[in-house]
Every structure is written in C-alpha cells, then in structure tokens.
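S.K.: In the UniProt record's numbering, the protein residues as written are 1 to 508.
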Amino acid sequence: AATRVPWEDLFFGGGDAGAERMKRAYFETAPVFVANDWHAALVPLFLAARYQANAEWTLKPRKACSDGAAASIARASCVTIVHNLFHLGIVAPDRYRSLGLPEENTEWFPALRWRWRDGGESMNFLKAGLATSSAAVLVSPSYANEVQTNELGCGMDKVLRSVGNFGSDVDLGFLNGMSGKLRGIVNGIDVDEWNPATDPHIPAHFDVGTSEKGVVERSDGSTVWDVARGKAACKAALQRELGLEVDPKAPLVGFIGRLDYQKGVDVLLDVVPHIVHNGGQVVMLGSGDPGLEHGMRMMEQNHRGRAVGWVGFSVPMSHKITAAADILAMPSRFEPCGLNQLYALRYGTLPVAHATGGLRDTVRGRVGWPFAPCEPGALRRAMDRAMETYKASEGNTRLDSRWRRKQERAMTSDLSWNVAAEKYEKLMGKIALDPPPALRRPAPELLEAAASAAVAEEEEGQWRQSEKRAERLRRRAAKAPCDDTRRLDNDLPAWMSMLPKFLQHPLM
Numbered sequence: 001a002a003t004r005v006p007w008e009d010l011f012f013g014g015g016d017a018g019a020e021r022m023k024r025a026y027f028e029t030a031p032v033f034v035a036n037d038w039h040a041a042l043v044p045l046f047l048a049a050r051y052q053a054n055a056e057w058t059l060k061p062r063k064a065c066s067d068g069a070a071a072s073i074a075r076a077s078c079v080t081i082v083h084n085l086f087h088l089g090i091v092a093p094d095r096y097r098s099l100g101l102p103e104e105n106t107e108w109f110p111a112l113r114w115r116w117r118d119g120g121e122s123m124n125f126l127k128a129g130l131a132t133s134s135a136a137v138l139v140s141p142s143y144a145n146e147v148q149t150n151e152l153g154c155g156m157d158k159v160l161r162s163v164g165n166f167g168s169d170v171d172l173g174f175l176n177g178m179s180g181k182l183r184g185i186v187n188g189i190d191v192d193e194w195n196p197a198t199d200p201h202i203p204a205h206f207d208v209g210t211s212e213k214g215v216v217e218r219s220d221g222s223t224v225w226d227v228a229r230g231k232a233a234c235k236a237a238l239q240r241e242l243g244l245e246v247d248p249k250a251p252l253v254g255f256i257g258r259l260d261y262q263k264g265v266d267v268l269l270d271v272v273p274h275i276v277h278n279g280g281q282v283v284m285l286g287s288g289d290p291g292l293e294h295g296m297r298m299m300e301q302n303h304r305g306r307a308v309g310w311v312g313f314s315v316p317m318s319h320k321i322t323a324a325a326d327i328l329a330m331p332s333r334f335e336p337c338g339l340n341q342l343y344a345l346r347y348g349t350l351p352v353a354h355a356t357g358g359l360r361d362t363v364r365g366r367v368g369w370p371f372a373p374c375e376p377g378a379l380r381r382a383m384d385r386a387m388e389t390y391k392a393s394e395g396n397t398r399l400d401s402r403w404r405r406k407q408e409r410a411m412t413s414d415l416s417w418n419v420a421a422e423k424y425e426k427l428m429g430k431i432a433l434d435p436p437p438a439l440r441r442p443a444p445e446l447l448e449a450a451a452s453a454a455v456a457e458e459e460e461g462q463w464r465q466s467e468k469r470a471e472r473l474r475r476r477a478a479k480a481p482c483d484d485t486r487r488l489d490n491d492l493p494a495w496m497s498m499l500p501k502f503l504q505h506p507l508m
C-alpha cells in the first residue's frame, strides 16, 4: 500500500516528540541494525557500499537534518543473526546490477561471489552479510564453533573462520573463548505460553513450587499439582487418548519435530524396538519426509499399545506430549539451537539429545542425557541410562531422588528471553560504542573466499547416508507391510532431492 506519510514519521512518529526521537537516533547515537538471515543480509553490504564508502544518503530525509543523519549513518553498524547456515540465499549473478549497489564498477561483487565445484558462479547474500557486518550471532555458542568446521560449515567454513578472527573485539564474557566477530547466543522461549501451571492444552496443571504441599487450590477453583502427580495425570490421559496401555510405570518417550534427515528420525526409529522391549512407550508427532512418515506408521503397527506415530502436526497435541512424556528424544544430526528441548525442560520432561549445536549447550548431564555420535548404538545407551534412572525413582517418594533432582533443576532454569536479551543488549551496546570507520570494506580474504569442495563432499556424504537409510526402510517395509499404500521409492529427504533445483532457482 502506498503512503504519503514522510518515511521518518513511520519510524519515530510525528510532531515534536517524533522529531526529538529521530534527532537522538540519528545525531546522538550510532545506529545498530539487525539483519536476520540471508533475507536481510544485504543491509550491512548496503551500509558499507553506499552509505559509508561514499558517504551517500539516498533516502533524502528532511533537509534540516540531512547532514547529521548522513554523519550518523556513516557510523552505523550491523549485526547479522544466522538461525540456520544451510539457508544461504543463492541468487543468479546477473542480478547484481538490480541490487542497487554502486553501478560505476563491480568492486563489491566479490563480497557476493560464490563459486561452485563445477566452476559456476552465483551470488551468496549471507556470505556478503557476514563479510560486512560488525558482528555475527549464531543461535548457540556450540553452533557458532561448529559452523567453522568442514563438516557443518555448509561450504562457508573458510568464510566463517575468517570472520571469526577478523578485527578487534571486546570481552563480553559469554563468548566461550571465541574471538573476532562471531558470537553464540541461545534462544529463549515464551514462558507464558509454555507454562505447565497454566497451559490450557493439558488436563492437569503442575508446578515445581508445589512439591512440598502436593497441591495448591487457586482462587478461581482450579488446582495446581506437584510435578509427580500432575505429570502422572497428563500421562494417563494421553495414554488413553492415543490408545496406549495405561501403564504409569512405563517410561514414556516423546518426539516432536519435522520428519527429515537433519532431525535423526531414522536413528530414533531404529531404537524404538529396544525402548519397547525394555518396558517403555513411544509417542512421535511430526510430518515431512514420506519415507519417514511411512516408517512411523510401521512403528505403530508393529508395537500396538506401546508406540504411536501421529503423522501431521497439532499445537494442542505437542503441548500434551511435552507435559505427559517422561523423556524427550532429540537425536538431531545438527541443531543450530532447538526449542523442543527447552519446552521439555520447562515441563520436567528430561531430554535425551545428540550433543550438537544448541542441544550441547542446553542439555547437560544435570538435566538430561547427551550422547554422541548420532547413531543408534549411542542413542540406545543414553536411552537405557535415562530409563534406568526413571525406573529407580518409581515408588521412591523422597524428593531427592536422582530423577526428581534433575526435574527440579530443569524446571527452575531460566529459559525465558531475558537471558538472551541481556546478551544481545550488551553486544549492541558495545558495538554502538565502537562504531566502524567511515570507510569500511571487507577483508580481502573474505571478498575472494569461494565455496570449497567441502560443499559437494558434505552433500555427497549426506546422500550416501540417506540412501542407506532408505534401503533400511525398504527392507523393513518388505518384512512388515502396512496398510499405507505409498511406496518407499525415491524416499530421500525432500530438501536433498530439491537441492540442485533450489540452488539454481533465479529468485533464491
């Protein structure tokens, strides 16, 4: 929709108050922009190329403040936040002149250049953003380290290693030894939406604060139970709803997430028979790869009353599983941050998680069972430890049992956005106090950094692993056919099969 309102009024409001806010923003402070992922990664490049290299101000603010605004924007900084490095923002190179960068020459094209193994070239928006940002934030400290490796760098590891050691830095305390421009800050969750004491989707409310009293009656007549009783009620209700055997002593293992290669669903499916054989139950919720959906249906058919696979997604059901499960399985092959483990901790559901990315940072031995490598044997051993700890707590009314201590630590952790917000505020404040020089160009090694052979090697390795998984599923389907008529042919994960077309798409 078109508007005739002056652009600065849209950001600061009209009248004297708006003018005062604009004055402070432009004249008295150096602005700090935040660019989220490849979609906004050209913001730092524009700052460097148009407004700082040439002192150019093209938005034409009111004449009275144009000089001050230009001076302020010349000192602006930008922080690029990367939620998943796999999404690079690949664009055809012939689109360069349509980006609005200086057209008199192509001196800024090397910041965007992305060379493929076959010799072809594209533009990589995220690479350009990282090269020209004052700082880059990834959504966990471990992921910030992992993306600098050949295995998880998506071909950007050379760029990220250069970024990680480029320029001076200040001691922010939470960087875990990382130098340069890379940071890792774990996401928070909405603790009001994910609150077992008030969650409208679960049949019984509970809270760690009621452990001594056992139950608390609210003024509105509702009841908040202690964790043990509340979770037991949620568990029994879910077992009845999904057709599982109502067995309070059976450790209930939950999984919520996309069904794809990244999430390690095939690894979990391999371990389900072991969980059931040892007295556990399994509930899986998710959709995605057709082969994995098929495998989940087969799991339910082979273990009637002990395992359920809900193909699809339901917000109420995700809350019910989170509240009812004793253990949350997260065997992700890589996980930039992960949220389901944070929801689970909030509800006293203890995670068994592959020690990667954000899972490594949030699922410690005090609140769960991390495991590595991401393979069935390691997951099986971690699941055994979790189930043994759970069974040892059965019939133990003492509040200091190992299981209950883990639950209490999990539920009393600060999982809100407050922790992350403090770190972001500290980072932004430091950057605002140390603005970049008026003329800022990317380091030469960043301008010429190209996609390494690691991209193709990693892609080929994932194809090989996926082909092995597909073959296992085909053999399983042949042994135990189910009512689902969909075939397992070509059941490679969708994002893998679409990768070549995705990377060649002119609009990506």
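Note that CB positions come from ideal geometry on N, CA and C, so glycine has one too.
All figures in this text were calculated on a predicted structure; none of them were measured in a lab.
1. Can we say the stretch 116 to 132 touches the stretch 89 to 97, given the rule of at least three CB pairs closer than 8 Å?
2. Taking the continuous beta strand (DSSP E) assigned at N195, which residues delimit it?
3. Excluding sequence positions up to five away, which residues of its chain have a Cβ less than 6 Å from the Cβ of K406?
4. Apart from the five residues just before and just after V265, which ones in its own chain have a Cβ nearer than 6 Å to its Cβ?
5. With distances taken Cα to Cα, identify the nearest neighbour of S287 among H277, K263, R304.
6. Note down, one range per segment and in chain order, each alpha helix (DSSP H) of at least 4 residues found wholly within the UniProt domain "Glycosyl transferase family 1" (247 to 391).
7. Would you mind working out which of P110, S140, R404 sits nearest I327, comparing C-alpha positions?
8. So, are the CB atoms of H205 and S222 less than 9 Å apart?
9. Considering only the alpha carbon of each residue, which of T412, V253, V311 lies closest to M383?
10. Might you give, ordered along the chain, the residues of its own chain that have their beta carbon closer than 7 Å to the beta carbon of H319, omitting 5 neighbours on each side?
11. Quick one, which of E388, L268, F109, S332 has its alpha-carbon nearest H354's?
12. Considering only C-alpha positions, which residue in the set R346, S393, K391 is nearest to N195?
13. Going by CA-CA distance only, name the one from K249, V271, D157, V137 that's closest to E375.
14. Under a three-way DSSP split, which group does E146 fall into?
15. Using only alpha-carbon positions, find the residue among S314, M299, F313 that is nearest to A307.
16. Just the C-alpha distance for R113 and A144, rounded to the nearest angstrom, thanks.
17. When we look at the beta-carbon of N418 and count the other beta-carbons within 10 Å, is it buried (16 or more) or exposed?
18. By the three-class DSSP mapping on this structure, what secondary structure does H39 have?
19. So S142 packs on G188, CB below 8 Å; how close in whole Å?
20. For K235, count neighbouring C-beta atoms within 10 Å of its own C-beta (all shown protein chains included) and say buried if the count is 16 or more, exposed if not.
21. Give me the Cα-Cα distance between H83 and P370, rounded to the nearest whole angstrom.
22. May I ask which residues mark the beginning and end of the alpha helix (DSSP H) holding R409?
23. Can you tell me the Cα-Cα spacing of E388 and R380, whole angstroms?
24. Could you work out which residue in G338, I275, F46, D190 is closest to G257 when comparing CA atoms only?
25. With burial defined as no fewer than 16 other Cβ atoms inside 10 Å of the residue's Cβ, what is the status of A372: buried or exposed?
26. Have a look at the DSSP bridge pairing and note the partners of R113.
27. Quick one: measure Cβ to Cβ for G309 and M296, integer angstroms, because I've assumed they're closer than 8 Å.
28. So what does DSSP say about W108, is it helix, strand or coil?
29. State yes or no: is the C-beta of L415 within less than 9 Å of the C-beta of A329?
30. Here's the rule I'm using: 16 or more other beta-carbon atoms within 10 Å means buried, otherwise exposed. How should E146 be labelled?
31. Between V282, A232, P251, A41, which has its C-alpha nearest G243's C-alpha?
32. Within 10 Å of its beta-carbon, does T362 have 16 or more other beta-carbons around it, so buried, or fewer, so exposed?
33. Following the continuous alpha helix (DSSP H) through I431, name the residue where it begins and the one where it ends.
34. Using DSSP bridges, identify the partner residues of S77.
35. Compare the Cα-Cα distances from L85 to each of D94, S140, G100 and report the closest residue.
36. Tell me which residues share the same chain as V276 and place their Cβ nearer than 8 Å to its Cβ, disregarding the 5 neighbours each side in the sequence.
M.R.: Let's see:
1. yes
2. Premise fails: N195 is in no beta strand (DSSP E) and is neither H nor E.
3. L350, V367
4. L259, L292
5. K263
6. 265 to 277, 290 to 302, 315 to 324, 340 to 346, 357 to 362
7. R404
8. yes
9. V253
10. D199, H201, I202
11. S332
12. R346
13. V271
14. helix
15. M299
16. 23 Å
17. exposed
18. helix
19. The Cβ separation is near 17 Å, so there is no contact.
20. buried
21. 22 Å
22. 402 to 411
23. 12 Å
24. G338
25. exposed
26. M123
27. 3 Å
28. coil
29. no
30. buried
31. V282
32. buried
33. 417 to 433
34. V32
35. S140
36. V282, H303, R306, A307
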